[in-house]
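Chemist:
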Amino acid sequence: MENLKIKFQFSKKVKVILTILIVIGLISLAYGIFAYSPGKVWSALLLNSVNFLTIGLGATFFVSIHIITQSGWHVSIQRIPEAISMYLPIGAVFMIIMLFGMDHVFHWTHEVHHDPIIMQKEAYLNIPFFIVRLI
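Under my numbering, residues 1205 to 1339 are what the sequence shown spells out, in order.
1) If we count the other Cβ atoms within 10 Å of its Cβ and call it buried at 16 or more, is glycine 1260 buried or exposed?
2) Assuming glycine 1305 and phenylalanine 1256 make a contact with CB atoms under 8 angstroms, what is their CB distance in whole Å?
3) For the candidate residues Pro1320, Ile1339, Asp1319, Phe1310, whose alpha-carbon lies nearest to that of leucine 1251?
4) Is serine 1289 closer than 8 angstroms to histidine 1264 when the C-beta atoms are compared?
5) Any heavy atom of the ligand HEM closer than 7 angstroms to the Cβ of methionine 1302?
6) To which residues of the same chain is histidine 1180 closer than 6 angstroms at the C-beta, ignoring the five residues directly before and after it?
7) What separation, rounded to the nearest whole angstrom, lies between the Cα atoms of serine 1253 and glutamine 1213?
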């Protein structure tokens, strides 16, 4: 039981290396958005956000089903889907950030006067309704 009291601590060297890698990643992201290809970066962010949110929601559903049915076998693995579910607030932040790049990903966010198909779907394909569906 002594192992439960041990907390993992990053060493100073590892903290410095991780901080440098985070800064490099943020600089690369900014370069991709502003200089390289904003459409590719925003679409990759959308794809990753939706994929990981789906995994997090699936884990939340898994835990809730086992709690509702009062099953006992999942106790040994319960912490794993609970930990996966902890991504949901982070994923929500990424989806809010995604709202700023919608015009690079979805062509229906622009004026639809020249496209008759999108004009027929204008009640569904609009920014306020997209935000409601996102929530």
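Idealized CB from N, CA, C, for every residue including glycine.
Modeler: The short version:
1) Glycine 1260 counts as buried, since no fewer than 16 other beta carbons sit within 10 angstroms of its beta carbon.
2) 17 angstroms between Cβ atoms; not a contact.
3) Phe1310
4) Here the sequence assigns threonine to residue 1264, which means histidine is not the residue at that position. Contact: yes.
5) This structure lacks the ligand HEM, and indeed carries no ligand of any kind.
6) Nothing in the structure corresponds to residue 1180, since the chain is present only between 1205 and 1339.
7) A direct Cα-Cα distance of roughly 29 angstroms separates serine 1253 from glutamine 1213.
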